[in-house]
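Undergrad: I have a structure I would like to understand better, so I am pasting it below and will then ask my questions one at a time.
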Ligand code: MG
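In my numbering, the protein residues as written are 12 to 388.
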């Protein structure tokens with residue numbers, strides 16, 4: 012952990028936190044310090060520093076906001092996290108406001124995860140990343156109390172965890188583009204961001220260097236014309252791509268269903284869906300879903316979404332935001348259930364607070380550590 016940055020953001024967080032996390036926070040899973048018998052929630056903003064600046068059309072982004080969460084119960088600490096990409100509508104302020112409004116002290120049993128979710132829904136709708144941060148911390152806490160990681164509690168085989176994809180996007184500077192492609196070398200699946208122009212150039216540049224690597228494509232709602240979308244799906248299928256994520260704007264449901272009837276590649280819903288009831292809606296127009304903890308309100312509902320999608324015969328992908336190893340490792344607990352994983356969010360940041368998920372030869376390795384599988388750095 013970068014201690015200086017942590018102290019700085021913690022000082023900022025004191026303005027928000029109803030019960031700020033101790034500056035000398037340590038993992039007390041094996042060192043009980045109190046016997047309160049109640050859930051104690053604390054949180055703080057934590058600015059994630061990006062390893063490489065994101066070049067946007069009008070500016071450059073070097074950091075992304077987040078909120079770190081702890082729930083303590085009888086001296087055991089569970090860790091959670093909210094990360095807030097702007098398109099989902101949450102912010103540090105909204106997450107801290109929601110968490111400040113919670114009274115988790117009324118709960119004396121951390122295993123009542125379903126009840127605590129019902130309580131959070133009664134406090135306010137939406138706020139999905141804020142709810143996810145509490146859900147992840149509860150899973151970490153209860154897993155530690157049981158002494159097992161969640162993939163074992165769910166009865167999953169970690170050998171079935173898929174390879175993770177590594178994401179690249181177009182860069183107009185040929186040297187930068189070359190460097191981006193070279194960075195993909197350790198990964199066995201590459202995800203290409205599309206829908207902002209230069210779509211074919213990125214795939215062609217990648218195919219020259221890595222002719223056989225499986226490529227998945229994320230159009231991020233970028234193809235608003237269904238005939239153009241179909242043409243792109245056929246072009247990508249000819250270049251041995253695997254699937255297309257969110258090809259058309261999420262509102263264009265009948266056009267997406269039209270595309271699915273004709274596309275040689277499976278279509279995966281991302282922006283289209285958030286939570287469990289959306290899986291049934293996605294079934295009408297897509298072949299699969301992309302589950303992210305910050306959309307699903309955490310691990311509890313994400314597990315239900317994966318189970319329902321599989322029962323419907325749909326493909327399941329597991330994604331993440333730019334976040335620390337906390338939320339990425341929590342998501343990884345579900346990875347043996349899914350067809351494809353896109354769990355590279357922690358690799359993008361320079362000030363991770365946790366050790367957790369590892370990628371070995373491109374494959375997701377889930378730590379055999381109780382809870383969500385993380386330890387504080
Ligand atoms: Mg996506």
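Even glycine gets a Cβ: it sits at the ideal position worked out from N, Cα and C.
Can you tell which of 344, 199, 250 has the C-alpha that lies nearest to the C-alpha of residue 371?
TA: Looking at the Cα atoms, 199 is the closest of the given residues.
Undergrad: Please confirm if the stretch 147 to 165 is in contact with the stretch 353 to 369, defined as three or more CB-CB distances below 8 Å between the two stretches.
TA: Flag = no, the stretch 147 to 165 and the stretch 353 to 369 do not touch.
Undergrad: My output table needs one value for residue 227: the three-state DSSP class, helix, strand or coil.
TA: Correct three-state label for residue 227: strand.
Undergrad: Taking C-alpha atoms, which residue in 266, 246, 242, 232 lies nearest to residue 256?
TA: Measuring from the Cα of residue 256, the nearest candidate turns out to be 232.
Undergrad: Note down the Cα distance separating residue 122 from residue 319, rounded to an integer number of angstroms.
TA: Computed Cα separation, rounded: 23 Å.
Undergrad: How about residue 368 and residue 62: do their beta carbons lie closer than 9 Å?
TA: No; because the gap between Cβ atoms is not below 9 Å, this pair is not in contact.
Undergrad: Sorry if obvious, but does the Cβ on residue 184 come closer than 8 Å to a heavy atom of ligand 1?
TA: For ligand 1, not one heavy atom lies less than 8 Å from the Cβ of residue 184.
Undergrad: If you draw a straight line from the C-alpha of residue 52 to the C-alpha of residue 300, how long is it?
TA: Near 32 Å, if we compare the C-alpha coordinates of residue 300 and residue 52.
Undergrad: Is it true that the stretch 108 to 115 meets the stretch 339 to 353, where meeting means three or more beta-carbon pairs spaced less than 8 Å apart?
TA: The stretch 108 to 115, when compared against the stretch 339 to 353, does not touch it at the 8 Å Cβ threshold.
Undergrad: Suppose the cutoff is 6 Å on Cβ atoms and the five residues either side in sequence are ignored; what does the same chain contact list for residue 373 look like?
TA: Closer than 6 Å at Cβ, skipping near neighbours: 174, 198, 199.
Undergrad: If residue 178 and residue 202 are in contact, beta carbons under 8 Å, what's the gap, nearest whole angstrom?
TA: The Cβ separation is near 4 Å, so the contact holds.
Undergrad: What number of angstroms, rounded off, separates the C-alpha of residue 95 from the C-alpha of residue 342?
TA: Looking at the two C-alpha atoms, the distance is approximately 16 Å.
Undergrad: For ligand 1, which residues count as neighbours when the test is a C-beta closer than 5 Å to any heavy atom?
TA: In chain order, the qualifying residues are 229, 256, 281.
Undergrad: In terms of alpha-carbon separation, which member of 72, 252, 143, 97 lies closest to residue 79?
TA: Comparing Cα positions, the closest option is 143.
Undergrad: Report the rounded CA-to-CA distance for residue 238 versus residue 140, giving the unit in angstroms.
TA: Near 35 Å, if we compare the C-alpha coordinates of residue 140 and residue 238.
Undergrad: From residue 385 to residue 313, what distance separates their C-alpha atoms?
TA: Distance between the alpha carbons of residue 385 and residue 313: 19 Å.
Undergrad: Ordered along the chain, which non-local residues of its own chain (more than five positions away) have a Cβ less than 6 Å from that of residue 39?
TA: Interpretation of residue 39 is limited by its pLDDT of 40, a score under 50 that renders its predicted location unreliable; the figure taken from the coordinates is listed afterwards. Answer for residue 39: 86, 88, listed in chain order.
Undergrad: Could you check the C-alpha separation between residue 209 and residue 155 for me, to the nearest Å?
TA: If I take the Cα positions, the gap works out to 47 Å.
Undergrad: With respect to the beta strand (DSSP E) encompassing residue 83, which residues constitute its N-terminal and C-terminal limits?
TA: Here the beta strand (DSSP E) through residue 83 covers 77 to 84.
Undergrad: In terms of residues, what are the limits of the beta strand (DSSP E) holding residue 90?
TA: That run of the beta strand (DSSP E) goes 87 to 94.
Undergrad: Taking its Cβ as the centre, do 16 or more other Cβ atoms sit within 10 Å of residue 75, making it buried, or is it exposed?
TA: Answer is buried; the Cβ neighbour count reaches 16.
Undergrad: If the criterion is Cβ atoms closer than 9 Å, does the pair residue 259 and residue 270 meet it?
TA: Yes; because the gap between Cβ atoms is below 9 Å, this pair is in contact.
Undergrad: Is the separation between the beta-carbon of residue 340 and that of residue 378 shorter than 9 Å?
TA: Yes, the Cβ-Cβ distance between residue 340 and residue 378 is below 9 Å.
Undergrad: Nearest-angstrom Cα distance between residue 183 and residue 206?
TA: Those two C-alpha atoms are separated by around 15 Å.
Undergrad: Can residue 338 and residue 91 be called in contact, C-beta distance under 9 Å?
TA: For residue 338 and residue 91, yes; Cβs fall inside 9 Å.
Undergrad: Please identify the residue among 335, 297, 334 whose C-alpha is closest to the C-alpha of residue 328.
TA: Nearest of 335, 297, 334 to residue 328, Cα basis: 297.
Undergrad: Can you tell me where the alpha helix (DSSP H) with residue 393 in it begins and where it stops?
TA: For residue 393 there is no data in the structure shown, the boundaries of the chain being 12 and 388.
Undergrad: Taking all protein chains shown into account, decide if residue 240 is buried (16 or more other Cβ within 10 angstroms of its Cβ) or exposed.
TA: Residue 240 should be labelled buried.
Undergrad: Determine the direct distance from the alpha carbon of residue 277 to that of residue 294, and round the result to whole angstroms.
TA: The alpha-carbon atoms of residue 294 and residue 277 are separated by roughly 12 Å.
Undergrad: Measuring only the C-alpha atoms, how far is residue 101 from residue 307?
TA: Distance between the alpha carbons of residue 101 and residue 307: 14 Å.
Undergrad: Could you check the C-alpha separation between residue 336 and residue 272 for me, to the nearest Å?
TA: Approximately 38 Å, taken between the alpha carbons.
Undergrad: With DSSP as the reference, please indicate the residues paired to residue 177 in a beta bridge.
TA: 201, per the DSSP bridge assignment.
Undergrad: Under a three-way DSSP split, which group does residue 276 fall into?
TA: Correct three-state label for residue 276: coil.
Undergrad: Compare the C-alpha of residue 49 against each of 60, 152, 216, 59 and name the closest.
TA: With distances taken between Cα atoms, residue 49 lies closest to 152.
Undergrad: Considering only C-alpha positions, which residue in the set 252, 281, 263 is nearest to residue 236?
TA: The shortest C-alpha separation from residue 236 is found at 263.
Undergrad: Residue 400: which of 366, 186, 305, 330 sits nearest, CA to CA?
TA: What the structure shows of the chain is the stretch from 12 to 388, and residue 400 is not part of that stretch, so it cannot be assessed.
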